[in-house]
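J.:
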Amino acid sequence: MKDPGESVACLPKIDGHHALFGALAELRERAAVLPVDLAEGPTVWMVTRYAEAKQALAHPDLVKDYRSVADRAGGFGRERYRDDVWALLGRHAVNSDGADHRRFRKVYAPFLSATKVGRWRPQIESIADAMLERLSRAESPDVLRDFAEPLTATVACRVLGIDDELADLMSDYAKRVVGGGDPAEVSSAAAEWAQLLAELVLAKRRAGDELLLSAMLERHRAGEWQLSEVVANLQATLIAGLTTSSTLIAAAVALIGADDGPRAEELGDPATVSRLIEETLRFRPPVVDSTWRFARHDVLLGDAVIPAGSIVLVSIAAADHDPDAFDDPGAWCPNRSARPAGHLSFGYGEHFCVGAALARLEATVALPALYQRFPDLRTRQEFHELRWTSAIVEQRPLAVPVSLGPS
Ligand code: HEM
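If you read the sequence shown in my numbering, its first letter stands for residue 799, the second for the next number, and so on.
1) In or out: Asp1118 buried (at least 16 other Cβ within 10 Å) or exposed?
2) Use the C-beta contact count for Arg1000: other C-beta atoms within 10 angstroms, 16 or more gives buried, fewer gives exposed.
3) Just checking Glu850 against the ligand HEM - is the residue's beta carbon closer than 8 Å to any of the ligand's heavy atoms?
4) Consult DSSP for Glu997 and reduce its assignment to one of helix, strand or coil.
5) Less than 8 Å between C-beta atoms, sequence neighbours within five positions excluded: which residues of the same chain meet that for Pro802?
6) Around the Cβ of Lys800, are there at least 16 other Cβ atoms within 10 angstroms (buried) or fewer (exposed)?
7) Rounded to whole angstroms, what is the Cα-Cα separation between Ile1037 and Ala972?
8) To the nearest angstrom, how far is the alpha carbon of Asp895 from that of Leu998?
9) For Asp835, report the span of its beta strand (DSSP E) as first-last.
10) Exposed or buried, what is Asp882 when buried is set at 16 or more other beta-carbons lying within 10 Å of its beta-carbon?
11) Here's the rule: buried if 16 or more other CB atoms are within 10 angstroms of the residue's CB, otherwise exposed. What is Gly978?
12) Quick one: does the C-beta of Leu1046 sit closer than 8 Å to a heavy atom of the ligand HEM?
13) Would the beta-carbon of Gly1047 fall within 9 Å of that of Leu1165?
14) Mind checking which residues open and close the alpha helix (DSSP H) that includes Trp843?
15) Could I get the ranges of all uninterrupted alpha helix (DSSP H) runs contained in the stretch 1036-1061, with 4 residues as the minimum, in chain order?
16) Just to confirm, does Val1152 get its C-beta within under 8 Å of one of the non-hydrogen atoms of the ligand HEM?
17) Apart from the five residues on each side of it in sequence, which residues of its chain come closer than 7 Å, Cβ to Cβ, to Ala988?
18) Taking Ala1050 and Leu1074 to be in contact with their CB atoms under 8 Å, please state how far apart those CB atoms are, rounded to whole angstroms.
19) Is Arg1073 a contact residue of the ligand HEM, with contact defined as CB to any heavy atom under 8 Å?
20) What is the DSSP secondary structure of Pro981, reduced to helix, strand or coil?
21) Please state whether the Cβ-Cβ distance between Ser1143 and Val1200 is less than 9 Å.
22) Counting Cβ pairs closer than 8 Å, one from the stretch 855-864 and one from the stretch 937-953, do we hit at least three?
23) With a threshold of 8 Å on Cβ separation, who are the neighbours of Asp1122 within its own chain once the five nearest residues in sequence on each side are excluded?
24) Say the cut is 8 Å; is the CB of Pro1038 nearer than that to a heavy atom of the ligand HEM?
25) Mind checking Leu1098: buried by the 16 CB within 10 Å criterion, or exposed?
26) Using a Cβ-Cβ cutoff of less than 7 Å, which residues in the same chain neighbour Ala1154 once the five nearest sequence positions on both sides are dropped?
27) Please name the residue in Arg1171, Phe1172, Val1191, Leu1196 whose C-alpha comes closest to that of Glu1183.
28) May I have the straight-line CA-CA distance separating Ala1102 from Asp869, to the nearest angstrom?
29) Taking 9 Å as the cut-off, decide whether the C-beta atoms of Arg1080 and His1149 are in contact.
30) Could you check the C-alpha separation between Thr1035 and Glu1022 for me, to the nearest Å?
31) Would you mind sorting Ala1135 into buried or exposed? The rule is 16 or more other CB atoms within 10 Å of its CB.
32) What does DSSP give as the partner residues of Val1110 in its beta bridges?
33) So, using beta-carbon positions, are Ser1072 and Thr1162 closer together than 9 Å?
34) State the Cα-Cα distance for the pair Leu836 and Ser938, rounded to the nearest angstrom.
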């Protein structure tokens, strides 16, 4: 896999999330689809332009289950890479294809459709109030740690049917697993977490409810899901849904910034909030690269042929900043009106984010509530000064310190 033939571009481990966008712009200029040597990772075929990214995300021969690829996708899974847990961790919606994927996906869909998710609004509002209280009591308030993270973790726990008391623990595990740390440490944190989740699943088997985890267990009882698949899907949902959603909320606050962003009054208008959320997702997609894909056969994409067995990453961050799809893509324009091209920050095709409606609703509730409660809230660091994790798939800020003003 290290020898894809012609020249291989290098994407060094970039210290600083913001610098990533400059490096990606260079790759996008060079080609729509090209081999890239990831620092501390494998050589991948990276898709950098919007049109090709859309095709790749929905391509039937770019599969997510590395086990189904001849020669196990160039040895993927033997050597450990940063962020490989997305592909390696059990069997679940994120790393399966075809009939297996549909078997998983059809259990999520009825719980997370926009209509079903709308019914959670009153609970999300009351969780947001509780977290605003938590933020108000913090000694040095951080809108990520004291508001967005506990909010999104508590909401996910409620939807799944996990006790609120476990929300902070789930959030801590999710951060350890998606932080892009040393693969051995990530792997052991993921195994420890899976063990805890397995115990939780067994307890839920004894006392069920009408929530998502119980629906997964129901499929196990019906002989359609293995118990290990229930645990893996539970863990994949928490990995996919917690830090991504809190990043969206915290990044929006950081972008609204110190003094000139839209505030309480403007955020009272649902259309304004919605545009701001979509633009924040485009400008700083929490999932910067799609999860791992593998070429089952030679795949023609743009004018490149991706050889069978290759590892493929769709750079959502590069596609969402493609000037052929978005005017002035490097600017955050919270009033950006509907564009011919929608962002790809929730993916595209069969693997389109199943939690998109929930993530949007959380941010729709959280942002106006935050500025209504703290109209004088100011960020204490410029957006470009924030430090982020440098994982391959998902990147998130480490902290978003704020001053709340007089309460
Ligand atoms: C702002 C927040 C979120 C972002 C940016 C996001 C982004 C994404 C993206 C890009 C994908 C597709 C990955 C790929 O095709 O490689 C995805 C899939 C997924 N997301 Fe989200 N997500 C968010 C929130 C959530 C939430 C709240 C949940 C659940 C509670 C969730 C659960 C999932 C699951 C289960 C999948 C796999 C779907 C499939 O493969 O069929 N996500 N997400």
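Idealized CB from N, CA, C, for every residue including glycine.
T.: This is what the structure holds:
1) Your numbering for residue 1118 matches position 320 in the sequence shown. Classification of Asp1118: buried, given that the 10 Å Cβ count is 16 or more.
2) By one-based count along the sequence shown, residue 1000 stands at place 202. It should be pointed out that residue 1000 corresponds to Leu in this sequence rather than to Arg. Leu1000 is exposed by the Cβ-count criterion.
3) Counting from 1 along the sequence shown, the entry for residue 850 is found at position 52. No, Cβ of Glu850 sits at least 8 Å from all heavy atoms of the ligand HEM.
4) On the sequence shown, position 199 is the one that residue 997 refers to. Note: Glu997 maps to helix in three-state DSSP.
5) Within the sequence shown, residue 802 is the residue found at index 4, counting from 1. Residue placement at Pro802 is poorly supported in this model, since its pLDDT is 37, which falls under 50; the coordinates still yield a value, given next. So the list reads Pro833, Thr841, Trp843, Pro1105, Ser1108, once near-sequence residues are dropped.
6) Against the sequence shown, residue 800 aligns to sequence position 2. Low local confidence applies: a pLDDT of 33 at Lys800 is under 50, so the model's placement there is unreliable, with the coordinate-based value given in what follows. So Lys800 ends up on the exposed side.
7) Here residue 1037 is taken as the residue at index 239 of the sequence shown, counted from 1. Here residue 972 is taken as the residue at index 174 of the sequence shown, counted from 1. When rounded, the distance between both Cα atoms is 5 Å.
8) Along the sequence shown, one-based indexing puts residue 895 at 97. Along the sequence shown, one-based indexing puts residue 998 at 200. Rounded to whole angstroms, Asp895 to Leu998 spans 27 Å at the Cα level.
9) In the sequence shown, the residue the question calls residue 835 occupies position 37. From DSSP, the beta strand (DSSP E) with Asp835 extends over 831-836.
10) For the purposes of this step, residue 882 is taken as residue 84 along the sequence shown, with counting starting at 1. Buried is the call here.
11) Taking the sequence shown and counting its residues from 1, one reaches residue 978 at position 180. By the 10 Å Cβ count, Gly978 comes out buried.
12) Numbered from 1 along the sequence shown, position 248 holds the residue referred to as residue 1046. Answer for Leu1046: yes, Cβ within range of the ligand HEM.
13) Locating residue 1047 in the sequence shown gives position 249, where the first residue counts as 1. Locating residue 1165 in the sequence shown gives position 367, where the first residue counts as 1. Position check: residue 1047 holds Ile in this sequence, whereas Gly was assumed. In this structure, Leu1165 lies closer than 9 Å to Ile1047 by Cβ.
14) Here residue 843 refers to the residue found at position 45 of the sequence shown. That residue, Trp843, is in no alpha helix (DSSP H); its beta strand (DSSP E) goes 841-845.
15) none
16) The count along the sequence shown starts at 1 and reaches residue 1152 at position 354. At least one heavy atom of the ligand HEM is nearer than 8 Å to the Cβ of Val1152, so yes.
17) Taking the first residue of the sequence shown as 1, we reach residue 988 at position 190. So the qualifying residues of the chain are Val883, Leu887, Val975.
18) Here residue 1050 corresponds to residue number 252 of the sequence shown, with the count starting at 1. Here residue 1074 corresponds to residue number 276 of the sequence shown, with the count starting at 1. Going by Cβ atoms, the distance from Ala1050 to Leu1074 rounds to 6 Å, so yes, they are a contact pair.
19) As a first step, residue 1073 must be located in the sequence shown, where it is residue number 275. No, the beta carbon of Arg1073 sits no closer than 8 Å to any heavy atom of the ligand HEM.
20) Position 183 of the sequence shown, counted from the first residue, corresponds to residue 981. Helix, per DSSP.
21) Here residue 1143 refers to the residue found at position 345 when the sequence shown is read from its first residue. Here residue 1200 refers to the residue found at position 402 when the sequence shown is read from its first residue. No, the Cβ-Cβ distance between Ser1143 and Val1200 is not below 9 Å.
22) no
23) In the sequence shown, the residue the question calls residue 1122 occupies position 324. Answer for Asp1122: Arg847, Tyr848, Ala849, listed in chain order.
24) The residue you call residue 1038 lines up with position 240 of the sequence shown. The displayed chain sequence assigns Ala, not Pro, to residue 1038. Yes, the ligand HEM has a heavy atom inside 8 Å of this Cβ.
25) The residue you call residue 1098 lines up with position 300 of the sequence shown. The residue is exposed, with fewer than 16 neighbouring Cβ atoms inside 10 Å.
26) In the sequence shown, counting from the first residue as 1, residue 1154 sits at position 356. Closer than 7 Å at the Cβ level, and outside the excluded window around Ala1154, lie Phe1144.
27) Reading the sequence shown from its first residue, position 385 is the one you call residue 1183. Checking every option, the nearest Cα to that of Glu1183 belongs to Leu1196.
28) For the purposes of this step, residue 1102 is identified with residue 304 of the sequence shown, where counting begins at 1. For the purposes of this step, residue 869 is identified with residue 71 of the sequence shown, where counting begins at 1. Near 22 Å, if we compare the C-alpha coordinates of Asp869 and Ala1102.
29) Residue 1080 sits at position 282 when you count from the first residue of the sequence shown. Residue 1149 sits at position 351 when you count from the first residue of the sequence shown. Cβ distance not < 9 Å, so Arg1080 and His1149 don't count as in contact.
30) By 1-based counting over the sequence shown, the position of residue 1035 is 237. By 1-based counting over the sequence shown, the position of residue 1022 is 224. Going by the C-alpha atoms only, they are around 19 Å apart.
31) In the sequence shown, counting from the first residue as 1, residue 1135 sits at position 337. According to the sequence as given, residue 1135 is Ser; it is not Ala. Per the 10 Å Cβ criterion, exposed.
32) Within the sequence shown, residue 1110 is the residue found at index 312, counting from 1. DSSP output for Val1110 lists Trp843, Arg1091 as bridge partner(s).
33) Taking the sequence shown and counting its residues from 1, one reaches residue 1072 at position 274. Taking the sequence shown and counting its residues from 1, one reaches residue 1162 at position 364. The answer is yes: Cβ separation under 9 Å.
34) By one-based count along the sequence shown, residue 836 stands at place 38. By one-based count along the sequence shown, residue 938 stands at place 140. C-alpha separation (whole angstroms): 37 Å.
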